[in-house]
Amino acid sequence: MQSLIRAAALALLCAPAFAIAQTAMLVGGQLKLGLDMTSISGSDRTGGTAARAYRESNNTSFWFIDGKEQLAPGLKALYHLEWDFALDTGVQGSGRAFYVGFDEERFGRLQLGRQTVYFSHHWFINDTHGSFDAAPNAANSLNVLGTINGANFAGNYLNNTVRYEFPVIAGFSGMASYSFDAEQPGAGRNHTWYISPTYTNGGFKAGYFHMQRDSQGTLPLQTVGSLDQMADKLALGYTWNGLRVGVVVDRNRVTNRASNMTQDRIAYAIPLGYSFGPHLVALTWGQAFSMHQNGNTVDDTGAKMLSLSYQYSLSKRTTLDVSYVELRNERNGRYNFWLGGIGSGSQLSTADAGARARMAYAGVKHLF
């Protein structure tokens, strides 16, 4: 009897410790700040801008709380809360990703909440240069891949999203999501579909990404309106002994049902990188071709982009970066840096069409 009592007492004492051992919470984030010189020049139109700015620039600084609880062998409950903020001013952003869900090792992962859709997932092929590396946001291929002549950006962090991540089977995986968006009564078409099958085999990666957004207001805001958007992206990448190479091809199409106007364009980017020891040298070339409006080419509405970056890792958490990036618009091109440019938004003014945008940057990134 005494043995049974001792065993029961031992079990009660161990139970809380076992529960605690099955729950894990992580607080972390990224701090990225630097000095840049950004300029717009080259437009010969009346009212065109010849501007230059010297700034201390925040670049994708955020912090997060990530938690997991072991419910059963192979099954976990999870949550993630992530806020962005401006490291140069301390201003809190609206937040990035907030979700709760379940992860089952055989059947995949289900998440509900505010989550990223389309715009960033091609970076899994080693095209992280700019957004999550130590380089500035402006070094990112989304300068030409994101918009149609600087407008109608494809993808975002979307509210009210149900997302399912497939388990890896023979190298194949991917995700599918449905976003209820504004959830306004009587606006049944106000939603976003997204699917992204991927394949990985050693150093080779391939992915296809498709998004369909219906009944939006001014894109990419989540309001009811008359804009429909369909975007498709194909990405291929390979890594071998520190050398990484990729190619991303993107098609973005928008239809305004109120005016029966359609616009679309095709763009591509080629990210290259080579790492050795603590060093990483990266180059991204990108080009957006002239857009089409109602099926007709609008001449000289394209742009070319070149970014160069050298990164040095002081440790596993701290990295220094020196970068240069340039956007060259054609005569009627209005592409601007998707983040970090002079002016508002990723589209230059009509008077600045054809301008050249440049940025030289030196900064530091720290993970915590």
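All letters in the sequence shown, in the order written, are residues -21 to -1, 1 to 347 by mature numbering (1 follows the signal peptide of the UniProt record, and there is no 0). Beta carbons are placed, not taken as given, at the ideal position from N, Cα and C, and that holds for glycine. Keep in mind it's a predicted model, so treat the numbers as computed, not measured.
In terms of residue numbering, what span does the alpha helix (DSSP H) encompassing residue i cover?
i: R198; result: A small correction: the amino acid at residue 198 is Leu; Arg does not occupy that position in the sequence shown. Segment: none, L198 is in no alpha helix (DSSP H) and carries neither H nor E.
i: N122; result: L121 to L124
Please identify the residue among the options whose C-alpha is closest to the C-alpha of residue i.
i: P176; options: G21, G153, A261 and S73; result: G153
i: A339; options: R75, L14, F255 and K212; result: L14
i: W172; options: P164, G181 and D160; result: D160
i: L215; options: Y247, I104, D63 and G167; result: I104
i: V203; options: G125, N231, H170 and A185; result: H170
i: Q71; options: S328, W42, N275 and L12; result: W42
i: S40; options: F151, S22, M240 and G7; result: G7
i: T218; options: A155, N138, G182 and F64; result: G182
i: R313; options: S73, F86 and T280; result: T280
i: G150; options: Q9, L50, T2 and K184; result: K184
i: A166; options: S205, M190, N128 and G129; result: S205
i: L124; options: N139, N311 and S99; result: S99
i: S33; options: I321, T329, H345 and L327; result: In the sequence as presented, Ser is not what sits at residue 33; that position holds Tyr. For Y33, the nearest C-alpha among the options comes from I321.
i: L66; options: F86, G221, L10 and A282; result: L10
i: V79; options: G221, G46 and R244; result: G46
i: G196; options: F81, T329, N235 and N239; result: N235
i: residue 349; options: N315, A282, N311 and E162; result: As displayed, the chain neither begins before -21 nor continues past 347, which places residue 349 out of reach and without an answer.
i: Q120; options: A237, K295 and D229; result: Rather than Gln, the amino acid found at residue 120 in this sequence is Ser. It is D229 whose Cα lies nearest to the Cα of S120.
i: D243; options: F188, A237 and A133; result: A133
i: G74; options: R85, E61, K295 and T241; result: E61
i: F188; options: N180, A155 and S194; result: A155
What are the start and end residues of the beta strand (DSSP E) that includes residue i?
i: L54; result: L54 to D63
i: L306; result: T297 to N308
i: F81; result: F77 to E83
i: R335; result: R335 to L346
i: V147; result: N135 to I148
i: L89; result: G87 to V96
Any heavy atom of the ligand COA closer than 7 Å to the beta-carbon of residue i?
i: P146; result: Looking for the ligand COA in the displayed structure turns up nothing, as the structure carries no ligands at all.
Residue i to residue j, Cα distance in whole Å?
i: A56; j: S36; result: 37 Å
i: S18; j: M4; result: 43 Å
i: G27; j: S269; result: 21 Å
i: D331; j: G225; result: 32 Å
i: L259; j: T297; result: 13 Å
i: G186; j: T25; result: 44 Å
i: F347; j: A118; result: 23 Å
i: G333; j: S325; result: 14 Å
i: Y273; j: Y136; result: It is Asn, not Tyr, that sits at residue 273 in the sequence shown. Their backbone Cα atoms lie some 29 Å apart in a straight line.
i: L(-9); j: Y58; result: Low local confidence applies: a pLDDT of 39 at L(-9) is under 50, so the model's placement there is unreliable, and no value is given.
i: P199; j: A210; result: 13 Å
i: Y143; j: Y178; result: 16 Å
i: M284; j: Q266; result: 6 Å
i: A76; j: A29; result: 37 Å
i: I245; j: N231; result: 7 Å
i: H345; j: Y97; result: 26 Å
i: W317; j: F81; result: 34 Å
i: G221; j: W264; result: 19 Å
i: T329; j: Y253; result: 39 Å
i: V251; j: G109; result: It should be pointed out that residue 251 corresponds to Leu in this sequence rather than to Val. Answer to the nearest angstrom: the Cα atoms are 12 Å apart.
i: residue 376; j: N315; result: Any question about residue 376 goes unanswered here, given that the chain covers just -21 to 347.
So, under 8 Å CB-CB, residue i and residue j are touching, yes? Tell me the CB distance rounded to an integer number of Å.
i: Y157; j: V141; result: 5 Å
i: L299; j: L293; result: 7 Å
i: A341; j: V301; result: 5 Å
i: R335; j: N308; result: 7 Å
i: V233; j: L12; result: No, V233 and L12 are not in contact; Cβ-Cβ is about 34 Å, not under 8 Å.
i: V227; j: H101; result: 5 Å
i: L327; j: G129; result: 6 Å
i: D112; j: Q290; result: 6 Å
i: P115; j: G319; result: 6 Å
i: Q208; j: N131; result: 7 Å
i: T138; j: R93; result: The question names Thr, but residue 138 in the sequence shown is Asn. That belief holds up - the Cβ atoms of N138 and R93 are roughly 5 Å apart, short of 8 Å.
i: Q1; j: E48; result: 6 Å
i: G53; j: R85; result: 7 Å
Segments of 3+ residues assigned as beta strand (DSSP E) that fall wholly inside the region 152 to 189: 170 to 180
Please give the ranges of any beta strand (DSSP E) in the region 18 to 51, keeping only runs that are unbroken, at least 3 residues long and fully inside the region. 30 to 37 and 41 to 51
Which whole runs of the alpha helix (DSSP H) in the region 206 to 285 are 4 residues long or more, in chain order? none
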